[in-house]
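*Asks:* Counting from 1, one number per residue, gives the positions in the sequence shown under the working numbering.
Note that the Cβ used here is the ideal one computed from N, Cα and C, for glycine as well.
Quick one: this structure, given as structure tokens, is what I'll be asking you about.
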Amino acid sequence: MQVTIPFYTRENFVKIAALLPNSDWPSTYEDWLAKTEKGEKGVKLSGNAPVRINIEPGAFETWCKDNNQPVVRNSILNYCMFILASEITSAKNN
1 MQVTIPFYTR
11 ENFVKIAALL
21 PNSDWPSTYE
31 DWLAKTEKGE
41 KGVKLSGNAP
51 VRINIEPGAF
61 ETWCKDNNQP
71 VVRNSILNYC
81 MFILASEITS
91 AKNN
């Protein structure tokens, strides 16, 4: 099974952090990257396939608005599932 992993460039990490309420967001890109890479290894060990979804802050914010979703961390996972489903559908249609 494919498991979505939100992924950010260093620049987009800073931008998305500015959009989100200050909850449990890692303070540095390096901390976030280490935690994400550890999570990816766990996904692989469970027999699943991690799929990195690059998050563009502007596109995410627009998707939230268009889908009546709050701009919060949980919405990022919903956005990732939407992107993955869109990519799978697009690949099947080509």
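Tell me which residue opens and which closes the beta strand (DSSP E) that N12 is part of.
*Replies:* Taken as a continuous stretch (DSSP letters only), N12 belongs to no beta strand (DSSP E), being part of the alpha helix (DSSP H) at 10-19.
*Asks:* Is the separation between the beta-carbon of N50 and that of E40 shorter than 9 Å?
*Replies:* The sequence as given places Pro at residue 50; Asn does not occur at that position. In this structure, E40 lies closer than 9 Å to P50 by Cβ.
*Asks:* What does DSSP give as the partner residue(s) for T4 in the beta ladder?
*Replies:* Its beta-bridge partners are V51.
*Asks:* Assign T28 to one of three DSSP states: helix, strand, or coil.
*Replies:* Residue state, collapsed to three classes: coil.
*Asks:* Mark P57 as exposed unless 16 or more other C-beta atoms lie within 10 angstroms of its C-beta, in which case mark it buried.
*Replies:* It counts as buried.
*Asks:* For R73 and E61, what's the separation of their Cα atoms in angstroms?
*Replies:* Rounded to whole angstroms, R73 to E61 spans 12 Å at the Cα level.
*Asks:* From the DSSP output, in three-state form, read off P57 for me.
*Replies:* The answer is helix: DSSP assigns P57 an H, G or I state.
*Asks:* Taking only the alpha-carbon atoms, compute the straight-line gap between Q69 and Y79 and give it to the nearest angstrom.
*Replies:* Approximately 10 Å between the Cα atoms of the pair.
*Asks:* By alpha-carbon positions, which one of L84, L45, F7, M81 ends up nearest to K35?
*Replies:* For the residues L84, L45, F7, M81, the minimum Cα distance to K35 belongs to F7.
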